[in-house]
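Let me begin by presenting the structure, written as structure tokens, before commenting on it.
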Amino acid sequence: MYHLPSSKCLQVFVGHECNSEGGGVTGGSFTPDGKFALTIGMDGTMRIWAPRTGICRHVFKLSAEGDMGPAGLTCLAVNGGADGQLAIAGGEDGSVHVVHLQGKKVVAKLRHFDEPIAGGTNNPSDEEITMTSVEAVGFASQGTNPNWAASGGSDGKLKIWDLTVGQSRQDCVVKNEDGSNVNVGGITRIQWHPTQPLLFVSYTDGAVRVWDARNGNILHTLTGGKQDNQINDISVEVFGTEQGPGTALVIAANDDGSTKIYNIDIAAILAH
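In my numbering, the protein residues as written are 1160 to 1431.
Right, here's the structure in full:
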């Protein structure tokens, strides 16, 4: 943990273990009240830390032990639920885990993929394995619906979850005009609009797509530059929400080292 103005390391949290494939800590955040730090790792655990002392306050063991060890956790988001105490993590085995931080309870285990990893032999080749990793997660804002969450997979499917019933309310897949699926690669990042039921989602095909969580429709697609230039991360800032849905500034960090900036009139795309 670093203090940015001084560039000083204030604390080192030690406790996560490596699984059989290596790895370590894959994500971190502070709790919404800023009192605790939260981390996830390839050991399949989510851990709550005291920032001042570096002591681990609780360990959520979210992945079952398998032949190759526990499935690693890949992505993390906080501030879900009516009290803001829900955290969500995606796993490389296709699972989505939801925990209540204050209550120290696992409240849901969701399955992003309809089918488990496929492989017809005991030693399947790379071609026989269907990649089922969840690569991005996020909660809807408190002003939209605190019991909605989203997960994005390496297959390019976006799922909108209703946590009150633990079921998917929308499965969002990019389609061609004939109804066939478009190969968009995988999802790399999800960010919700702060006041509207909209999601900004980045993909490995180099596009950022804006989805309506209410009906699962694409409202807008942002492209630019080389096709299939993977977007590794996005940041979205929305301005002017006091008078409506506002204007979104989207910053996309690409795999070729470039950064692209988009400006979106949210009211205009909602009107279409």
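By construction, the Cβ of each residue, glycine as well, lies at the ideal position given by its N, Cα and C atoms.
Check: Are the stretch 1390-1403 and the stretch 1372-1380 touching, with three or more C-beta to C-beta distances below 8 Å?
Finding: With a cut-off of 8 Å on Cβ pairs, the stretch 1390-1403 is not in contact with the stretch 1372-1380, counting fewer than three such pairs.
Note to self: On the CB-based measure, 16 or more other CB atoms within 10 Å of its CB, does E1396 come out buried or exposed?
What the structure shows: E1396 should be labelled exposed.
Notebook entry, point to check: Are the beta-carbon atoms belonging to V1333 and S1310 less than 8 Å from one another?
Noted result: The Cβ-Cβ distance between V1333 and S1310 does not fall below 8 Å.
Next item on the list: Please name the residue in P1210, D1415 and A1427 whose C-alpha comes closest to that of G1365.
Entry: Residue D1415 is the option with its Cα nearest to G1365.
Note to self: In the DSSP assignment, the beta strand (DSSP E) including A1430 goes from what residue to what residue?
What the structure shows: Careful: A1430 lies outside any beta strand (DSSP E), inside the alpha helix (DSSP H) at I1425 to A1430.
Item checked: Minimum C-alpha distance to L1169 - residue among T1190, R1211 and L1197 -> The residue with the shortest Cα to Cα distance from L1169 is R1211.
Next item on the list: Measure how close the beta-carbons of V1255 and K1264 come, nearest whole angstrom, since I'm counting them as under 8 Å.
Entry: Between the beta-carbon of V1255 and that of K1264 there is about 16 Å, and that puts the pair past the 8 Å contact cut.
Checklist line | Where T1406 sits in the DSSP three-state scheme | finding: The answer is strand: DSSP assigns T1406 an E or B state.
Checklist line | Presumed contact (8 Å Cβ cut-off) between I1346 and G1315, rounded CB distance | finding: Rounded to whole angstroms, the Cβ separation of I1346 and G1315 is 6 Å, and the two are in contact under 8 Å.
Next item on the list: Report yes if the C-beta distance between G1250 and L1269 is below 8 Å; otherwise report no.
Entry: Against a cut-off of 8 Å, the Cβ pair of L1269 and G1250 comes out as no contact.
Next item on the list: Assign E1176 to buried or exposed, taking buried as 16 or more other Cβ atoms, counted over all protein chains shown, within 10 Å of its Cβ.
Entry: E1176 comes out exposed.
Next item on the list: Quick one: measure Cβ to Cβ for T1354 and R1368, integer angstroms, because I've assumed they're closer than 8 Å.
Entry: Their Cβ separation, rounded to whole angstroms, is 19 Å, which puts T1354 and R1368 out of contact at 8 Å.
Next item on the list: Can you tell me which of I1214, C1215 and D1202 puts its alpha carbon nearest to the alpha carbon of A1223?
Entry: Selection I1214, C1215 and D1202 evaluated against A1223 yields D1202 as nearest (Cα-Cα).
Notebook entry, point to check: Using a Cβ-Cβ cut-off of 8 Å (strictly less than) and excluding sequence neighbours within five positions of M1160, which residues of its own chain qualify?
Noted result: Non-local C-beta neighbours of M1160 in its own chain, meaning closer than 8 Å and more than five positions away in sequence, comprise C1168, L1169, Q1170, V1171, F1172, A1196 and P1210, ordered along the chain.
Notebook entry, point to check: By how many angstroms is the C-alpha of S1327 removed from the C-alpha of N1304?
Noted result: One alpha carbon belongs to N1304, the other to S1327, and they sit about 14 Å apart.
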